[in-house]
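A.B. asks: First residue of the sequence shown: 296, per my numbering; consecutive thereafter.
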Amino acid sequence: MTSNPRPQQSAAAAQRLNDALKRLRARLRTESGQHAIGLTTTQLSVLSSVVRQGPITAARLAAVEHVSAQAVAQNVAVLKAAGLVHSEPDPQDGRRKLISADPSATEMIGTLLAGRDTFLARAIDQLVTNADEFKDVEKAIELLERLAAADLSDGAI
Numbered sequence: 296m297t298s299n300p301r302p303q304q305s306a307a308a309a310q311r312l313n314d315a316l317k318r319l320r321a322r323l324r325t326e327s328g329q330h331a332i333g334l335t336t337t338q339l340s341v342l343s344s345v346v347r348q349g350p351i352t353a354a355r356l357a358a359v360e361h362v363s364a365q366a367v368a369q370n371v372a373v374l375k376a377a378g379l380v381h382s383e384p385d386p387q388d389g390r391r392k393l394i395s396a397d398p399s400a401t402e403m404i405g406t407l408l409a410g411r412d413t414f415l416a417r418a419i420d421q422l423v424t425n426a427d428e429f430k431d432v433e434k435a436i437e438l439l440e441r442l443a444a445a446d447l448s449d450g451a452i
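Right, dumping it as structure tokens:
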């Protein structure tokens, strides 16, 4: 009886995927001009969520970002000091604050995302040379989306 090689294959594939994603994220940060902004990746992620979701409470922002309330508070403080976000009382519950993005933050995030999209579109145009490869890219995207949405709450790894 032979053992199933799939767990070893899955572990190797997981490592390669993780490495490839790290390199791609680093390349996207470089190509978008993110390094020149002076904000950390976490700060930009929080800012991006405020731009997309805002006005938003700190508790909701922590849930969206999958970080602690303390981490959100620290990052929002930096973003406030930079003039990129502001907060005001929630009109429905004055005890809560709603965090909103400054228009300059919305423009900055739009520029960063456009830079990333432009790089990826150019890379696909240059490297994906035929219809079959393009279909493979679309399948890979679908698979990555499924992996990102995977619910492994049953504890199985």
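Think of the CB as a built atom: it goes at the ideal place given N, C-alpha and C, for glycine as much as any other residue.
1) Are the region 337 to 355 and the region 419 to 428 in contact at 8 Å, needing three or more beta carbon pairs?
2) Straight-line CA distance for Met403 to Arg301?
3) Quick check: what's the CA-CA separation for Ser395 versus Ala307?
4) Which partner residues of Val380 appear in the DSSP bridge assignment?
5) The alpha helix (DSSP H) with Ser343 in it runs from where to where?
6) Just the C-alpha distance for Asp388 and Val373, rounded to the nearest angstrom, thanks.
7) Which residue or residues does DSSP assign as beta-bridge partners of Asp388?
8) Provide the residue(s) that pair with Ile404 in DSSP beta bridges, ordered along the chain.
9) Short check: CB of Leu242 to CB of Pro350, under 9 Å?
10) What is the C-beta distance between Val345 and Ala357, in whole angstroms, given that I count them as a contact (C-beta under 8 Å)?
11) Is it buried or exposed for Ala321, if we count other Cβ within 10 angstroms and need 16 for buried?
12) Determine the extent of the alpha helix (DSSP H) in which His330 is found, giving its start and end residues.
13) I'd like to confirm the pairing. Which residues does DSSP put opposite Ile419 in its beta bridges?
14) Can you tell me the Cα-Cα spacing of Ser448 and Arg311, whole angstroms?
15) From Asp412 to Ala309, what does the alpha carbon distance come to, in whole angstroms?
C.D. replies: Looking at the coordinates:
1) Per the Cβ contact rule, the region 337 to 355 is not in contact with the region 419 to 428 (fewer than 3 Cβ pairs under 8 Å).
2) Roughly 44 Å separates the two Cα atoms.
3) In this structure, the alpha-carbon of Ser395 lies about 42 Å from that of Ala307.
4) DSSP lists Ala396 as partners of Val380.
5) Counting along the chain, the alpha helix (DSSP H) containing Ser343 begins and ends at Thr336 to Gln348.
6) If I take the Cα positions, the gap works out to 25 Å.
7) Asp388 pairs with Asp385.
8) None, per the DSSP bridge assignment.
9) In the structure as shown, the chain begins at 296 and stops at 452. Residue 242 is therefore absent and cannot be evaluated.
10) The pair is not a contact, with the Cβ atoms about 12 Å apart (cut-off 8 Å).
11) By the neighbour-count criterion, in which 16 or more other beta carbons inside 10 Å mark a residue as buried, Ala321 falls on the exposed side.
12) His330 -> alpha helix (DSSP H) spans Gln329 to Ile332.
13) In the DSSP assignment, no residue is bridged to Ile419.
14) Ser448 and Arg311: Cα-Cα distance of roughly 24 Å.
15) Rounded to whole angstroms, Asp412 to Ala309 spans 25 Å at the Cα level.
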